[in-house]
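Chemist: Have a look at the structure that comes next, please.
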Amino acid sequence: MNFVKESVNQTPIVDTVFSIVAKAKEAKAKVGSENVVDATIGSLYDEEGTLVALDSVYSSLKNLDNKVLAAYAASFRGNPDFRQKVYDWVLNGNSHLEHEVIATPGGTGAVGMTLQECLDEGQTVILPEIAWGSYALMAQMHNLNVEKYSLFEEDHFNLNSFKTACKKVMEKQNRLVMVINDPCHNPTGYSLSEEEWKEVISFLNECSKTHAVVLLNDIAYIDFSSRQEKAKEYFVQFDQIEKNFVVIVAFSLSKSMTSYGLRCGAAIVLGQEKEAVNQVKIVFEKDARATWSNINNGAMATFVDVLDNHKDAYDQERLHYVNLLKERGDIFVKEANEVGLKHYPYKEGFFVTLSMDNETRDKFHEALMENNIFTVKVNLGIRVAICSLSVEKTKGLAKKMKDILDTVA
1 MNFVKESVNQ
11 TPIVDTVFSI
21 VAKAKEAKAK
31 VGSENVVDAT
41 IGSLYDEEGT
51 LVALDSVYSS
61 LKNLDNKVLA
71 AYAASFRGNP
81 DFRQKVYDWV
91 LNGNSHLEHE
101 VIATPGGTGA
111 VGMTLQECLD
121 EGQTVILPEI
131 AWGSYALMAQ
141 MHNLNVEKYS
151 LFEEDHFNLN
161 SFKTACKKVM
171 EKQNRLVMVI
181 NDPCHNPTGY
191 SLSEEEWKEV
201 ISFLNECSKT
211 HAVVLLNDIA
221 YIDFSSRQEK
231 AKEYFVQFDQ
241 IEKNFVVIVA
251 FSLSKSMTSY
261 GLRCGAAIVL
271 GQEKEAVNQV
281 KIVFEKDARA
291 TWSNINNGAM
301 ATFVDVLDNH
311 KDAYDQERLH
321 YVNLLKERGD
331 IFVKEANEVG
341 LKHYPYKEGF
351 FVTLSMDNET
361 RDKFHEALME
371 NNIFTVKVNL
381 GIRVAICSLS
391 VEKTKGLAKK
401 MKDILDTVA
């Protein structure tokens with residue numbers, strides 16, 4: 001007897017992160033934190049191993065009137081000042097398309113809403129083969145199929161594989177929906193060049209002559225790009241999209257404001273024509289009302305207050321960690337290259353991912369844990385969360401990992 005809908009896959013969820021976090025915690029209790037390398041959680045930690053919670057953000061939150069924290073948002077679309085501030089902050093003057101903003105519970109809400117509302121059950125979404133696992137889980141829960149493209153060709157974005165995946169899906173359905181997680185890709189730390197973005201948009205414009213195109217650009221980590229404002233310049237390429245093409249940018253306060261638990265973000269809908277943008281907006285509004293009803297008012301008010309009244313302090317504080325993250329990434333990648341520890345092309349961001357087949361990955365992952373090094377398995381690799389490692393623990397880690405890999409490969 002079934003108590004849930006027939007179409008849903010009832011296989012239990014595989015916890016690839018928090019189960020390993022628990023093992024790392026046990027190891028710390030057993031042998032001491034100083035003897036454990038915990039590169040699991042995708043949250044930013046300081047050099048003392050403490051979760052980063054930016055003072056400029058949380059002093060603002062705590063100074064809000066209790067009634068602001070308790071109140072519903074002005075609309076299930078989110079507060080007007082928040083939506084305007086998100087658009088200005090994210091696009092930074094780099095796009096002049098028609099647009100609408102819908103507040104969501106984190107960037108996850110924006111991604112989930114796009115997959116649910118832009119594809120019908122049984123249709124196919126296009127995903128990178130190395131990706132945040134929740135994309136595929138969302139597709140599964142909405143009864144969607146998945147077509148994957150190879151993310152890399154040598155040390156650059158695999159445009160040919162991306163094109164092949166799109167053409168294959170175009171033969172089966174009248175709408176193309178694809179995810180590109182950029183910049184600071186999770187889990188590889190790759191960022192497309194502006195030239196690569198130009199080629200992607202040019203190809204999708206061709207596709208839009210016969211198919212409706214929806215590009216979901218997940219920018220969760222953009223505000224920790226080492227390039228900062230330059231990392232947003234690729235948005236100018238979106239102004240070249242054709243009328244049968246919309247872009248949905250998934251923005252997350254979780255990373256930008258170190259407010260993981262406040263669950264606030266936004267879907268920014270961009271298009272050449274108001275009619276197309278409005279069509280998506282209407283459906284997203286209804287989805288928001290039906291699914292979560294309201295977004296955390298305090299989180300939205302904090303975002304507005306920080307950018308209006310504490311931006312200099314916020315930027316200074318955030319940039320300290322942007323530079324720290326770059327230092328950790330540079331150390332790990334340099335040492336990995338020196339010892340021949342193969343990894344996907346890393347440019348910036350929270351993670352570096354080691355490259356290997358899944359059989360080797362499984363053996364290597366176990367061997368690492370036996371040596372009190374805790375990481376996360378992803379498709380075709382091992383994710384190393386440099387965001388949570390101190391500079392001291394990053395030094396020498398690549399060699400330790402290479403020595404362990406040599407025993408199982």
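Numbering (this note's numbering), first residue to last: 1 to 409.
The beta carbon of each residue, even a glycine, is placed where N, CA and C say it ideally should be.
Remember, it's a predicted structure, so these values are computed and weren't measured experimentally.
1) For aspartate 287, which of Glu117, Ala29, Gly107 has the nearest alpha-carbon?
2) State yes or no: is the C-beta of serine 193 within less than 8 Å of the C-beta of aspartate 182?
3) Three Cβ pairs or more, each shorter than 8 Å: is that satisfied between the stretch 63 to 75 and the stretch 233 to 242?
4) Identify every residue that forms a DSSP beta bridge with alanine 212.
5) Taking just the CA atoms, how far does tyrosine 344 sit from serine 355?
6) I believe lysine 23 touches phenylalanine 374 by the beta-carbon criterion, under 8 Å. Please report the beta-carbon distance rounded to the nearest angstrom.
7) Between the stretch 299 to 306 and the stretch 137 to 151, do at least 3 Cβ pairs fall closer than 8 Å?
8) Kindly list the residues whose CB is nearer than 6 Å to the CB of asparagine 278, restricted to its own chain and excluding five residues on each side of it in sequence; keep chain order.
9) Pick out the complete beta strand (DSSP E) segments inside the stretch 123 to 155, 3 residues or longer, and give them in chain order.
10) For my contact list, isoleucine 436 and glycine 78 are in at a C-beta cut-off of 8 Å; report their separation, rounded to the angstrom.
11) Count Cβ pairs between the stretch 320 to 328 and the stretch 383 to 402 that sit closer than 8 Å; are there 3 or more?
12) Can you find the residues in the same chain that come closer than 6 Å, C-beta to C-beta, to serine 161, ignoring five residues on each side of it along the sequence?
13) Using 8 Å as the threshold, is the C-beta distance between lysine 402 and valine 339 below it?
14) Who are the near neighbours of proline 187 in its chain, counting only those whose CB is closer than 6 Å to its CB and skipping five residues on each side?
15) Hey, does phenylalanine 157 have any beta-carbon neighbour from chain B nearer than 8 Å?
16) Once DSSP output is grouped into helix, strand and coil, what is the label at aspartate 38?
17) Buried or exposed for histidine 96, going by 16 or more other Cβ atoms inside 10 Å?
18) Would the beta-carbon of alanine 266 fall within 8 Å of that of leucine 341?
19) Taking the C-alpha atoms as reference points, what is the distance between alanine 212 and serine 256?
20) Among the candidates Val101, Ala110, Val14, whose CA atom is the shortest distance from the CA of glycine 133?
21) In whole angstroms, what is the alpha-carbon distance linking phenylalanine 157 and glutamate 317?
22) I'd like to confirm the pairing. Which residues does DSSP put opposite tyrosine 45 in its beta bridges?
Modeler: A quick look at the data gives this:
1) For the purposes of this step, residue 287 is taken as the residue at position 287 of the sequence shown. It is Glu117 whose Cα lies nearest to the Cα of aspartate 287.
2) As a first step, residue 193 must be located in the sequence shown, where it is residue number 193. As a first step, residue 182 must be located in the sequence shown, where it is residue number 182. Cβ distance not < 8 Å, so serine 193 and aspartate 182 don't count as in contact.
3) no
4) Position 212 of the sequence shown holds residue 212. Paired residue(s): Arg175.
5) Locating residue 355 in the sequence shown gives position 355, where the first residue counts as 1. Locating residue 344 in the sequence shown gives position 344, where the first residue counts as 1. Distance between the alpha carbons of serine 355 and tyrosine 344 is about 6 Å.
6) Within the sequence shown, residue 23 is the residue found at index 23, counting from 1. Within the sequence shown, residue 374 is the residue found at index 374, counting from 1. With a Cβ gap of about 6 Å, lysine 23 and phenylalanine 374 count as contacting.
7) no
8) If you number the sequence shown from 1, residue 278 lands on position 278. If we look at asparagine 278 and ignore the five residues flanking it on each side, it has no Cβ neighbours.
9) 124 to 128, 145 to 149
10) In the structure displayed, the chain extends from 1 to 409; residue 436 sits before or after that span and is not available.
11) yes
12) In the sequence shown, counting from the first residue as 1, residue 161 sits at position 161. Around serine 161: Tyr149, Ser150.
13) Taking the first residue of the sequence shown as 1, we reach residue 402 at position 402. Taking the first residue of the sequence shown as 1, we reach residue 339 at position 339. Yes, the Cβ-Cβ distance between lysine 402 and valine 339 is below 8 Å.
14) Your numbering for residue 187 matches position 187 in the sequence shown. Correct list, in chain order: Phe351, Thr353, Val378, Arg383.
15) Although the question refers to chain B, the structure presented lacks it and comprises just one protein chain.
16) Walking along the sequence shown from the start, residue 38 turns up at place 38. Three-state result, aspartate 38: strand.
17) Residue numbering aside, residue 96 sits at position 96 when the sequence shown is read from its first letter. Counting Cβ neighbours within 10 Å, histidine 96 comes out exposed, since fewer than 16 surround it.
18) The residue given as residue 266 occupies position 266 in the sequence shown. The residue given as residue 341 occupies position 341 in the sequence shown. It is not a contact, given that the beta carbons lie outside the stated cut-off.
19) Working through the sequence shown from its first residue, we reach residue 212 at position 212. Working through the sequence shown from its first residue, we reach residue 256 at position 256. About 31 Å.
20) Residue numbering aside, residue 133 sits at position 133 when the sequence shown is read from its first letter. Of Val101, Ala110, Val14, the residue nearest in Cα terms is Val14.
21) Locating residue 157 in the sequence shown gives position 157, counting from the first residue. Locating residue 317 in the sequence shown gives position 317, counting from the first residue. Straight-line Cα distance between these residues: approximately 32 Å.
22) Numbered from 1 along the sequence shown, position 45 holds the residue referred to as residue 45. Bridge partners of tyrosine 45: Leu51.
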